[in-house]
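To start, the structure under review is shown below, and the notes come after it.
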Amino acid sequence: MSKESRKFQVPDALANLYDFANTLDLRHFTHHGVAHPQGDELKAPQDLASWMAARGMLQADTKITPAMFDTAVGFRRALRDYLQHDPPSRRQRSVARALNEAIAAFPLVAELGGTGKALLRPARNDALAGISTLVADLYDGMQSGSLDRLKMCAAEECRRLFFDRSKPATRRWCMSSLCGNRIKTRAYRARQRATQ
Ligand SMILES: [Zn+2]
Numbered sequence: 001m002s003k004e005s006r007k008f009q010v011p012d013a014l015a016n017l018y019d020f021a022n023t024l025d026l027r028h029f030t031h032h033g034v035a036h037p038q039g040d041e042l043k044a045p046q047d048l049a050s051w052m053a054a055r056g057m058l059q060a061d062t063k064i065t066p067a068m069f070d071t072a073v074g075f076r077r078a079l080r081d082y083l084q085h086d087p088p089s090r091r092q093r094s095v096a097r098a099l100n101e102a103i104a105a106f107p108l109v110a111e112l113g114g115t116g117k118a119l120l121r122p123a124r125n126d127a128l129a130g131i132s133t134l135v136a137d138l139y140d141g142m143q144s145g146s147l148d149r150l151k152m153c154a155a156e157e158c159r160r161l162f163f164d165r166s167k168p169a170t171r172r173w174c175m176s177s178l179c180g181n182r183i184k185t186r187a188y189r190a191r192q193r194a195t196q
């Protein structure tokens, strides 16, 4: 859970997934004359280790190798590609294929506990076990339907993941006051030009 996920009231169960997908910040719009700097929180294995440790996802005495790092970043890429589709399209096998291939590196095992509920736990016991918990979150979110509300902002110059809290779940922009307004203003100006 991060400051961002709390600010935007992302449910706890999806907060790590939301943060992980948003470690890549592609926003490149200008707001009040200031250009938003693009960035990637995960540039090297050490960055991933810090990110995971901050969330209690890194087991002690485990090390993230460059190959593990590439596997995790590959999962992030597939996750973002998948979440850019609207929920009905996500049901298509062809849309989910790349994500299914990426998560194959993070197998899960069922665990029956005292809670009266079965849980999915990472089958790996290395440093990437923490990333496997994101796959379990993905599974749970899909089962509960809450994943349908995790969406990518429709603004090409934003592409940030957001949690759609609107009742009809039809939001397209991370913030209507920001991306929504910018797109609407642009469309308005284009229409003005077209009629002139
Ligand atoms: Zn946006």
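Residue numbers (my numbering): 1 to 196. In this text, a Cβ means the ideal position worked out from N, Cα and C, and glycines have one as well.
Asked: Element boundaries [beta strand (DSSP E), containing E111]; Found: 108–112
Asked: Exposure of V10, with buried meaning 16 or more beta-carbon neighbours within 10 Å; Found: buried
Asked: Proximity below 8 Å, CB of L48 to CB of L79; Found: no
Asked: Secondary structure of T30, DSSP reduced to three states; Found: strand
Asked: Residue from G39, A169, F29 with nearest C-alpha to P88; Found: A169
Asked: Check whether L138 and L147 have beta carbons under 8 Å apart; Found: yes
Asked: Check: R160 C-beta below 7 Å from any heavy atom of ligand 1; Found: yes
Asked: Cβ contact check for the region 152–163 and the region 173–181: 3 or more pairs under 8 Å; Found: yes
Asked: Beta-carbon spacing of T71, W51 below 8 Å; Found: no
Asked: Reference K167; option with closest CA among W173, P37, R149; Found: R149
Asked: Span of the alpha helix (DSSP H), counted from its first residue to its last, around R171; Found: Careful: R171 lies outside any alpha helix (DSSP H) and carries neither H nor E.
Asked: N-terminal and C-terminal residue of the alpha helix (DSSP H) that R91 is part of; Found: Careful: R91 lies outside any alpha helix (DSSP H) and carries neither H nor E.
Asked: Cβ-heavy atom distance, L24 to ligand 1, below 7 Å; Found: no
Asked: Beta bridge counterpart(s) of G39 as assigned by DSSP; Found: D25
Asked: Distance between R160 and Q38 (C-alpha atoms, nearest Å); Found: 11 Å
Asked: In DSSP terms, what P122 is bridged to; Found: L108
Asked: Residue range of the alpha helix (DSSP H) that includes M52; Found: 45–53
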